[in-house]
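Engineer: Next up is a structure, given as structure tokens.
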């Protein structure tokens, strides 16, 4: 990132935190109340506006990296993908899936069953990039996933370029800083059966995710909640063919805390039907050394994070790469 200074083209006319999502808290430890579904205020952004020739329109679109529409992904791509997931999780082929249940540091595909706080979940995790790994059966599943993944990766690269330009830098700056061409991307596909007994238990405690950007899609809304900048837990009601965009830990590190990784949690809700959700963590390459960029460090804003490779950050606390667990608390410095 030392080259940033020489590549900066214009003074950013906006506030330093203009890219902050409305789902951002400077203090992740702040107490939070929960919004009901009717109070859902997750903003929607128009992907096409990110590339507007009007800088003002582009910057407005970037202010709210949240619910993405007009992304030019055909509806059939989502529907084929959802169908493929349901076919993969066919109860009749459960024994076949167990071949991926081993837990080894070199896993590139991992399957599992979780049952906690009253919510059951079956999942398959795959490392999709830079090397493509995927179950061989059913044969069509790999095809529909690749089509979906190719489209979401296009969007993530587009977001990186739009961010760089709006910050006044050369458009490929973030893309190059994270070496996204060889970025380490992990996709987790989850199946949740119907749940008629939930009393609103905590399914997954509040946490952030590593990486640059996290994309999430689902066919039926579940219990995902995101912490807003006002300290409110917002129910993530995502339209069927929209994509939820969340900022990852490593964009927070790169910007020295200017842009915060999104804190989120899962509350177990009553679902009348089974549902699926897919979260893909788009990260730097494993060898990329991520540290706060010089432009975000000064006397008033000293370096707030340790520098380390993406691979090292994923292996903190003995985790495996495919686990993609956050290590932000260990990387954050006490200043």
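Residue numbers (UniProt numbering): 1 to 335. Even for Gly, the Cβ is constructed at its ideal location relative to N, Cα and C.
Cβ atoms of residue 304 and residue 256: under 8 Å apart, would you say?
Structural biologist: Contact: yes.
Engineer: Please confirm if the stretch 223-236 is in contact with the stretch 261-269, defined as three or more CB-CB distances below 8 Å between the two stretches.
Structural biologist: Judged by Cβ distances under 8 Å, the stretch 223-236 makes contact with the stretch 261-269, as three or more pairs qualify.
Engineer: CA-CA distance, residue 94 and residue 87?
Structural biologist: If you take the alpha carbons of residue 94 and residue 87, they lie about 11 Å apart.
Engineer: Can you confirm whether the stretch 69-87 touches the stretch 139-154 when touching is taken to mean that 3 or more C-beta pairs between the two stretches lie within less than 8 Å?
Structural biologist: These segments touch.
Engineer: How many angstroms separate the CA atom of residue 47 from the CA atom of residue 97?
Structural biologist: Between residue 47 and residue 97, the C-alpha separation is close to 36 Å.
Engineer: In the DSSP output, which residue or residues are listed as bridge partners for residue 191?
Structural biologist: DSSP output for residue 191 lists 122 and 276 as bridge partner(s).
Engineer: Looking only at its own chain, which residues have a Cβ that is under 6 Å from the Cβ of residue 321, when we skip the five neighbours before and after it?
Structural biologist: Closer than 6 Å at Cβ, skipping near neighbours: 314.
Engineer: Here's the rule: buried if 16 or more other CB atoms are within 10 angstroms of the residue's CB, otherwise exposed. What is residue 106?
Structural biologist: Answer is exposed; the Cβ neighbour count stays below 16.
Engineer: Quick check on the burial criterion: 16 or more other C-beta atoms within 10 angstroms. Buried or exposed for residue 289?
Structural biologist: Classification for residue 289: exposed.
Engineer: Taking residue 44 as the reference, give the member of 259, 246 and 323 with the closest Cα.
Structural biologist: When each option's Cα is compared against that of residue 44, the closest is 246.
Engineer: What number of angstroms, rounded off, separates the C-alpha of residue 274 from the C-alpha of residue 110?
Structural biologist: Straight-line Cα distance between these residues: approximately 21 Å.
Engineer: Within the stretch 110-190, note down every full alpha helix (DSSP H) run reaching 4 residues or more, in order along the chain.
Structural biologist: Runs found: 139-166 and 173-177.
Engineer: Thinking C-beta only, is residue 159 closer than 8 Å to residue 261?
Structural biologist: No; because the gap between Cβ atoms is not below 8 Å, this pair is not in contact.
Engineer: Assuming residue 210 contacts residue 99 under a Cβ cut-off of 8 Å, what Cβ separation, rounded to an integer in Å, is found between them?
Structural biologist: Their Cβ separation, rounded to whole angstroms, is 27 Å, which puts residue 210 and residue 99 out of contact at 8 Å.
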